[in-house]
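Inspection log for the structure reproduced underneath, given as structure tokens.
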Ligand SMILES: Cc1cc2nc3c(=O)[nH]c(=O)nc-3n(C[C@H](O)[C@H](O)[C@H](O)COP(=O)(O)O)c2cc1C
């Protein structure tokens, strides 16, 4: 997980500071976030993913482009993210649009993964129905063995890679006593201009 230290966009800098706090306190799955997508029928669905990088562009995670989320993103690129750390008593809500990152960036990430994770990405058809987990694990083991024996490097399948969420709004929520929570909402006005306000808890 990469938290860039040269972030200049104020709300992203604030998010990076909180992520840093969660990381240095070694909180379990501190970079886990929930991402919500919406189907073409307007049905929202959400799931947890792991944040891989934050920089001035926004939030990056890795996934399968053919999965349910991938298909929904194809039709509607508006998404929402949510982070919460019990120990920090902080929540972050993000709204924005999502797009795939370049093949170069996805390749770089894919190639940094352990062999078995790369093989699992090749074999697994995320979100499709499956007849047997045993068969899937066997396929992963066999293919891993083949790569180990031949010392060949697996190539990233085109349907796996990095997504970038560019935020249009970010809310930083801090728990207060007796529901006196602090809510600071940042809204992007144009290219690099953000405005902030405080919301009632
Ligand atoms: C803590 C946690 C982290 C996860 N990280 C990822 C991830 O980084 N990428 C991913 O595709 N799925 C990840 N998953 C699995 C997803 O929650 C989800 O099952 C999967 O992406 C399929 O979602 P979909 O069918 O809605 O596309 C994670 C699950 C958990 C519980």
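In this note's numbering, the protein residues as written are -7 to 193. The beta-carbon is built from N, C-alpha and C at its ideal position, and this holds for glycine as well.
Is residue i near residue j, with beta carbons less than 7 angstroms apart?
{"i": "residue 132", "j": "residue 112", "result": "yes"}
{"i": "residue 54", "j": "residue 135", "result": "no"}
{"i": "residue 171", "j": "residue 191", "result": "no"}
{"i": "residue 67", "j": "residue 32", "result": "yes"}
{"i": "residue 0", "j": "residue 47", "result": "no"}
{"i": "residue 163", "j": "residue 177", "result": "yes"}
{"i": "residue 26", "j": "residue 74", "result": "yes"}
{"i": "residue 87", "j": "residue 10", "result": "no"}
{"i": "residue 119", "j": "residue 59", "result": "yes"}
{"i": "residue 56", "j": "residue 62", "result": "yes"}
Select from the options the residue whose C-alpha is nearest the C-alpha of residue i.
{"i": "residue 107", "options": "138, 11, 64", "result": "138"}
{"i": "residue 69", "options": "181, 158, 189", "result": "158"}
{"i": "residue 78", "options": "91, 143, 14, -4", "result": "14"}
{"i": "residue 156", "options": "89, 56, 34, 6", "result": "89"}
{"i": "residue 24", "options": "6, 11, 12, 43", "result": "43"}
{"i": "residue 148", "options": "104, 82, 61", "result": "104"}
{"i": "residue 198", "options": "151, 120, 80, 116", "result": "Missing from the structure shown is residue 198; the chain here goes from -7 to 193 and no further."}
{"i": "residue 28", "options": "34, 22, 96, 71", "result": "71"}
{"i": "residue 183", "options": "160, 165, 102", "result": "160"}
What's the call for residue i, buried or exposed, on a 16-neighbour Cβ count within 10 Å?
{"i": "residue 40", "result": "exposed"}
{"i": "residue 3", "result": "buried"}
{"i": "residue 84", "result": "buried"}
{"i": "residue 64", "result": "buried"}
{"i": "residue 189", "result": "exposed"}
{"i": "residue 98", "result": "buried"}
{"i": "residue 37", "result": "exposed"}
{"i": "residue 109", "result": "exposed"}
{"i": "residue 142", "result": "exposed"}
{"i": "residue 168", "result": "exposed"}
{"i": "residue 121", "result": "exposed"}
Could you give the first and the last residue of the continuous alpha helix (DSSP H) run that contains residue i?
{"i": "residue 133", "result": "125 to 142"}
{"i": "residue 102", "result": "95 to 104"}
{"i": "residue 16", "result": "2 to 16"}
{"i": "residue 85", "result": "No alpha helix (DSSP H) contains residue 85, which is instead part of the beta strand (DSSP E) from 82 to 92."}
{"i": "residue 65", "result": "60 to 67"}
{"i": "residue 114", "result": "107 to 115"}
Could you give the first and the last residue of the continuous beta strand (DSSP E) run that contains residue i?
{"i": "residue 195", "result": "One cannot answer for residue 195 here, as it falls past the ends of the chain, which runs -7 to 193."}
{"i": "residue 178", "result": "174 to 182"}
{"i": "residue 38", "result": "36 to 47"}
Distance cut 7 angstroms, beta-carbon to ligand 1 heavy atom: residue list by chain order
21, 24, 37, 39, 40, 41, 42, 53, 54, 55, 56, 59, 60, 61, 62, 118, 119
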